[in-house]
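Quick note: the sequence shown uses the UniProt record's numbering, first residue 1, plus one each step. Idealized CB from N, CA, C, for every residue including glycine. The next block holds one structure in the form of structure tokens; read it before the comments.
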Amino acid sequence: ATESEMGDVDLSGLPEAPVDSEEEEEDEDIERSSEALLGRDLVRECLEKDAVDRTDDDI
């Protein structure tokens, strides 16, 4: 509904709420992707080890 459909609406009693900026969302996306890459790097390191060098933790 638009403001004209609802008439004059008094919003003075409503608290102001913060609005998420696109920058914050981008930062979260970067954090998530870097965590995924870090996990992938750890898996890759384990896979690239020779079988004799692998520990139980690697498997």
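Close-in-space but distant-in-sequence residues of the same chain around residue i (CB under 7 Å, 5 per side omitted)
i     : result
LEU42 : none
Collapsed DSSP secondary structure at residue i in the structure displayed
i          : result
VAL43      : helix
LEU38      : helix
residue 78 : Here the chain comprises residues numbered 1 to 59, so residue 78 is not present and cannot be evaluated.
Same chain, Cβ closer than 8 Å to residue i, five either side skipped, listed in chain order
i     : result
ARG54 : CYS46
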